[in-house]
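1 is the number of the first residue of the sequence shown in the UniProt record's numbering; add one for each residue after it.
Yeah, the Cβ is synthetic: ideal placement off N, Cα and C, and Gly gets one too.
This report concerns only the one structure given below.
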Amino acid sequence: MELAVGASESAMRSLLGKLGSLLAQEYTLISGVRSEIQYMNNELSSMHAFLRKLGRAAAGQSAHDEQTKDWIEQVRDVAYDIEDCVDDFAHRLSRQPRGEGITVNLYQAWYTMTTLWARRDIASKIIDLKNRAKEVGERRTRYGVQNPKEGSESDSGIKTNPSAPAHTYVTDQLQPPVRQLVGTTEPVGQEEAITKHGQWLTDHSESSVKVLAIVGFGGLGKTTMALALQRRFGEKFQSRAWVQVSQKLNLESLLRGILKQVMPQQDPEGKGSSGTSDGHADAIEELNEKQLKEKLKKQLEDKNYFLFIDDVWSVSSWESIWRYLPTDQKGSIVVTTRFKSVENACCRKEEHICTLEKLPHAKSTQLFFERIHDPEPEKFNEIKDNIIRKCGGLPLAIVAVAGLLARRDLTEEKHWEKVKNSLNSELDKNLSPEGVTQILNLCYNDLPADLKNCLLYLSIFPKGCRINRKRLIRRWISEGVIAEKDGKTVEEVAEDSFNELVSRNIVRPVEHNTNGKVKTCQIHDMILEYIVFKSSEENFITVVGGHWLTPTPSNKVRRLSLHNSNPEDVKEKIGNMNLSHVRSLTVFENLHHLPSYSFKSVILQVLDLEGCKNINTKQLDKIFKMFQLKYLSLRNTHIKKLPSEIERLQYLETLDIRDTNVTELPSSVGRLQKMVHLLGGSKSTHHALRFTEEIAKMTALQTLLGIEISRGSIPDLGSMHNLTKLKKLSIYSLRDLRTNNNKYEELLPTIEHLTAYSVKSLSIDDGFTGFLNSMDVLSSPPKYLISLDLSGKLLRVPKWIEKLETLEKLTLSLTSLRTDGLQDLSHLSKLFSLTFSINAKGQDSSVVEILQKNAMDSGGKIFVPADGFASLKLLRFSAPVIPLLSFLEGAMPELQRLELQFRLSEGAYGLEYLKSVQQVHLRVSQQASEATKVKVSDIRSSVGMHHKKSTMVVDEYYEW
Numbered sequence: 001m002e003l004a005v006g007a008s009e010s011a012m013r014s015l016l017g018k019l020g021s022l023l024a025q026e027y028t029l030i031s032g033v034r035s036e037i038q039y040m041n042n043e044l045s046s047m048h049a050f051l052r053k054l055g056r057a058a059a060g061q062s063a064h065d066e067q068t069k070d071w072i073e074q075v076r077d078v079a080y081d082i083e084d085c086v087d088d089f090a091h092r093l094s095r096q097p098r099g100e101g102i103t104v105n106l107y108q109a110w111y112t113m114t115t116l117w118a119r120r121d122i123a124s125k126i127i128d129l130k131n132r133a134k135e136v137g138e139r140r141t142r143y144g145v146q147n148p149k150e151g152s153e154s155d156s157g158i159k160t161n162p163s164a165p166a167h168t169y170v171t172d173q174l175q176p177p178v179r180q181l182v183g184t185t186e187p188v189g190q191e192e193a194i195t196k197h198g199q200w201l202t203d204h205s206e207s208s209v210k211v212l213a214i215v216g217f218g219g220l221g222k223t224t225m226a227l228a229l230q231r232r233f234g235e236k237f238q239s240r241a242w243v244q245v246s247q248k249l250n251l252e253s254l255l256r257g258i259l260k261q262v263m264p265q266q267d268p269e270g271k272g273s274s275g276t277s278d279g280h281a282d283a284i285e286e287l288n289e290k291q292l293k294e295k296l297k298k299q300l301e302d303k304n305y306f307l308f309i310d311d312v313w314s315v316s317s318w319e320s321i322w323r324y325l326p327t328d329q330k331g332s333i334v335v336t337t338r339f340k341s342v343e344n345a346c347c348r349k350e351e352h353i354c355t356l357e358k359l360p361h362a363k364s365t366q367l368f369f370e371r372i373h374d375p376e377p378e379k380f381n382e383i384k385d386n387i388i389r390k391c392g393g394l395p396l397a398i399v400a401v402a403g404l405l406a407r408r409d410l411t412e413e414k415h416w417e418k419v420k421n422s423l424n425s426e427l428d429k430n431l432s433p434e435g436v437t438q439i440l441n442l443c444y445n446d447l448p449a450d451l452k453n454c455l456l457y458l459s460i461f462p463k464g465c466r467i468n469r470k471r472l473i474r475r476w477i478s479e480g481v482i483a484e485k486d487g488k489t490v491e492e493v494a495e496d497s498f499n500e501l502v503s504r505n506i507v508r509p510v511e512h513n514t515n516g517k518v519k520t521c522q523i524h525d526m527i528l529e530y531i532v533f534k535s536s537e538e539n540f541i542t543v544v545g546g547h548w549l550t551p552t553p554s555n556k557v558r559r560l561s562l563h564n565s566n567p568e569d570v571k572e573k574i575g576n577m578n579l580s581h582v583r584s585l586t587v588f589e590n591l592h593h594l595p596s597y598s599f600k601s602v603i604l605q606v607l608d609l610e611g612c613k614n615i616n617t618k619q620l621d622k623i624f625k626m627f628q629l630k631y632l633s634l635r636n637t638h639i640k641k642l643p644s645e646i647e648r649l650q651y652l653e654t655l656d657i658r659d660t661n662v663t664e665l666p667s668s669v670g671r672l673q674k675m676v677h678l679l680g681g682s683k684s685t686h687h688a689l690r691f692t693e694e695i696a697k698m699t700a701l702q703t704l705l706g707i708e709i710s711r712g713s714i715p716d717l718g719s720m721h722n723l724t725k726l727k728k729l730s731i732y733s734l735r736d737l738r739t740n741n742n743k744y745e746e747l748l749p750t751i752e753h754l755t756a757y758s759v760k761s762l763s764i765d766d767g768f769t770g771f772l773n774s775m776d777v778l779s780s781p782p783k784y785l786i787s788l789d790l791s792g793k794l795l796r797v798p799k800w801i802e803k804l805e806t807l808e809k810l811t812l813s814l815t816s817l818r819t820d821g822l823q824d825l826s827h828l829s830k831l832f833s834l835t836f837s838i839n840a841k842g843q844d845s846s847v848v849e850i851l852q853k854n855a856m857d858s859g860g861k862i863f864v865p866a867d868g869f870a871s872l873k874l875l876r877f878s879a880p881v882i883p884l885l886s887f888l889e890g891a892m893p894e895l896q897r898l899e900l901q902f903r904l905s906e907g908a909y910g911l912e913y914l915k916s917v918q919q920v921h922l923r924v925s926q927q928a929s930e931a932t933k934v935k936v937s938d939i940r941s942s943v944g945m946h947h948k949k950s951t952m953v954v955d956e957y958y959e960w
């Protein structure tokens, strides 16, 4: 019921805003329906208040629970239908003339005549919907849906405050999460097994492939252990890959996933999910099963490889996979499964099987307190011990309950007692899906209504998918899943909601940005299974072709997510659905799944086609007639041009065309006055989106990525001054901007204006034009920047950078590496990450010039100063040749991660002085000399002696 409350309240909140706006615009109303609209607004406002009351009370299993649940679903459905009508109203009757005079009167008469049918049609719908709203309101009383009791107990045992808003948390406001770079933690209770099996997997004396099967109940930590094996021993293998198997095996997709990961990686920074170049990735998509097998065998020929095949469900799936793997050479395969039959099919010897059992109580206690900050660990020991025992030694349950308690005042005994009393002892007696569901119900029911919606929204993404934080947050906002509150913007509320899911251990961070924030996350497959069925049950999200088989919804589908699966099965299931009211459509990988009529939905608000390679011109034209779109992602598709009809998308807030071939937008784009995020260009190919004066007219822009600025496309750079809300600006290319006296007289003042006004993140790649060196003469340095990325022919660190007191992230590409430059930067007290990079080809004359200057100025050595860099957590050096790095005692006291990428290195000394370092990551060119490999070995030995037992990872990258 609480899900229905949250979903209905979200739908209602969006609708009431639109109705209020409609009532305020008298000139747009159809004669005779104002009273009906006013009635609906009043009736729905009352329903909204009642829903909020239900959400606060969390009435649990009351006598009228089923009736209440049914009534809430009816409220949600009528709210969606009314919103559809209002949106149709806004589109079809939005051009009514206003003003006075003969011309206006004539135009009004013409408008009245040409819209007669539309006005009558909409008026009829409004009257019908008003009657439905009235009937739903009356039905609540008729079928005994009672007012909730004030201060009632929720399923989680937490008492609610009747005067508090529905979103209020039990404890204080959530604190911002600690930013980190090395987020992985070692599995508890598996240390000996990891060492034993890792040594066997890396023993390459045998010529045949080795298979290790890790078997156990879901949530015991099979995947965590396999990933730990890969982290600890992966560098001993020349090729590595990790893929997940679904309940219904898609063999081609799995083989492609392996091949993409073992193909040579030209760009080790990884601009795409696979790390391969665009050409390789596209070619792989075209291969059939037989070609994939041959390509995979050739790629892994004469190499020792490590494959991690996660969550195999059947013997037949394993046998299909095994037939296509190169098993006649050295390699190691780790398979995780829940089933003994799969384990027996994988391994012939018992010693090659790792059966995971429940954690003993001591290890359960260790894991519990690793995941919870308990200010008084010695208090309430008996209650805590009881809670841990009720988790049954299941790591997933322990982590989930720890996340539940993380939002409590742990100095209060009552909070411990309530959680203890809410847990039964089923898991302690026997590991079962029912026991896990009971734990997940407890954690889910403790969430505020808005946060429930945010969690259930994750069921859109396939099992094992790495979910990008920004992509998720922008979609939340576009769909109205969250709203402004507590004086915070909707973006801030969205960030808080994401952080809350992380802090509760519901969402697991996978990758962090260089600023320490979560970049991508995943959700455990048992939690995902739980929320997929919750969403399906309440018709919140409909998933087709996914890992789990869900029933076809009998109601109208509102949010549809198509996963990669058998196209015929998907088409058959979709054919039985009512798609006329779909407001959110997400397609993963393949558009062939989708019937052509699906693109006729004009009420669609979110369309996410990221990664779909087969979009044709006809489909693209239909997309740009969906006038209600707020979020449109065509990222990583093959489109080359957007239709001029883009001007129809008056509500569009996010347009993501990164990693496409689109280099220029239609001239009509300037009419999109609600655009907030315009994301273009490609970091891997350096393709850029040409900036024009039409883009400068989109004054609501907050994010503008991947643009090219050239004199031909924008004669007046001053027009950029209109972008007064811009927070993030990324320039990938500069062309033809030099004036006769060789200065950038127009662009420099623009950069100064924007960084002084609103821009907090600035990235400029000047393409060797010399613009960055001209920035030395800035009259007003961008002192409020938080992130700065400069790529160009920089022979020194700009002096004004040391004045950027708020700077947290700094990237300097093609920059001289010198001790004095580091000394200047060491005074930046808030600097979190620092990157020096020279990534162009070694034969480039400009790069050679910089490398030679490095050698002359530094004497072949770079000393990292002993003081300064008080907050630095990440240091990166990337260049074909890195001179000797020497860290002085006391250098970089907070440094967590050191990354070095090179073809030739003189070594790195003083690593033992980096007292906080947790990981050293070396990326070494396949062209590295034997002398360089010896230096790598020396670094490994130095890291091995570090008192914090820091980990070291060595990867190979390819130069073309």
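Contacts around residue i, its chain only, beta-carbon distance under 6 angstroms, and the 5 residues preceding and following it disregarded
{"i": "residue 905", "result": "882, 932, 935"}
{"i": "residue 612", "result": "587, 591, 637"}
{"i": "residue 781", "result": "800, 803"}
{"i": "residue 374", "result": "410"}
{"i": "residue 655", "result": "632, 678"}
Candidates the options: closest to residue i by CA position
{"i": "residue 241", "options": "675, 813, 331, 220", "result": "331"}
{"i": "residue 706", "options": "660, 668, 956, 725", "result": "660"}
{"i": "residue 924", "options": "879, 951, 913, 897", "result": "879"}
{"i": "residue 507", "options": "226, 465, 833", "result": "465"}
{"i": "residue 510", "options": "74, 448, 180", "result": "180"}
{"i": "residue 291", "options": "256, 830, 243", "result": "256"}
{"i": "residue 918", "options": "951, 344, 123, 930", "result": "951"}
{"i": "residue 634", "options": "674, 678, 837", "result": "678"}
{"i": "residue 219", "options": "325, 286, 542, 398", "result": "398"}
{"i": "residue 964", "options": "774, 813, 830", "result": "It is not possible to answer for residue 964, since the shown part of the chain is limited to 1 through 960."}
{"i": "residue 320", "options": "673, 501, 293, 488", "result": "293"}
{"i": "residue 393", "options": "494, 366, 926, 603", "result": "366"}
{"i": "residue 341", "options": "324, 315, 328, 325", "result": "315"}
{"i": "residue 348", "options": "676, 212, 400, 535", "result": "212"}
{"i": "residue 559", "options": "572, 939, 580", "result": "580"}
{"i": "residue 620", "options": "642, 608, 604", "result": "642"}
Residues of its chain near residue i, where Cβ-Cβ distance is below 8 angstroms and the 5 sequence neighbours each way are ignored
{"i": "residue 725", "result": "699, 700, 701, 702, 758"}
{"i": "residue 747", "result": "709, 717, 734, 737, 771"}
{"i": "residue 824", "result": "797, 799, 801, 802"}
{"i": "residue 785", "result": "755, 759, 760, 761, 762, 804, 806, 807"}
Cutoff 7 angstroms; reference residue i; Cβ partners in own chain excluding five residues on either side
{"i": "residue 426", "result": "432, 434, 435, 438"}
{"i": "residue 668", "result": "644, 646, 647"}
{"i": "residue 222", "result": "214, 216, 336, 356"}
{"i": "residue 454", "result": "476, 481, 482, 497, 501"}
Cβ separation of residue i and residue j, assumed to be a contact under 8 angstroms, to the nearest whole Å
{"i": "residue 470", "j": "residue 333", "result": "So it is not a contact: roughly 35 angstroms between Cβ atoms."}
{"i": "residue 732", "j": "residue 670", "result": "Incorrect: roughly 21 angstroms between the Cβ atoms, too far for contact."}
Task: Three CB pairs or more closer than 8 angstroms across the stretch 758-765 and the stretch 780-796 - done: yes
Open item on the list: So within the stretch 384-457, which uninterrupted alpha helix (DSSP H) runs reach at least 4 residues, ignoring any that extend past its ends?
Closed with: 395-405, 413-422, 426-429, 433-445, 449-457
Open item on the list: Is it the case that the stretch 882-900 contacts the stretch 908-922, given that we only count it when at least three CB pairs across the two stretches are under 8 angstroms?
Closed with: yes
Open item on the list: I'd like the ranges of any alpha helix (DSSP H) spanning at least 4 consecutive residues and lying wholly in the stretch 534-577.
Closed with: 567-574
- [ ] Write down every uninterrupted run of the alpha helix (DSSP H) in the UniProt domain "Disease resistance protein winged helix" (460-529) whose length is 4 residues or greater and which is fully enclosed by it, in chain order.
- [x] 469-478, 490-503
Open item on the list: If we require 3 or more residues per run, which beta strand (DSSP E) segments fall completely within the stretch 181-238?
Closed with: 210-215
- [ ] Report the residue ranges of all alpha helix (DSSP H) runs contained in full by the stretch 313-388; include only those spanning at least 4 residues, in chain order.
- [x] 315-323, 340-346, 361-370
- [ ] Go through the stretch 687-764 residue by residue and report every complete run of the beta strand (DSSP E) that reaches 3 residues or more, in order.
- [x] 703-710, 728-735
Task: Validate contact between the stretch 188-203 and the stretch 403-418 using beta carbons, cut 8 angstroms, 3 pairs - done: no
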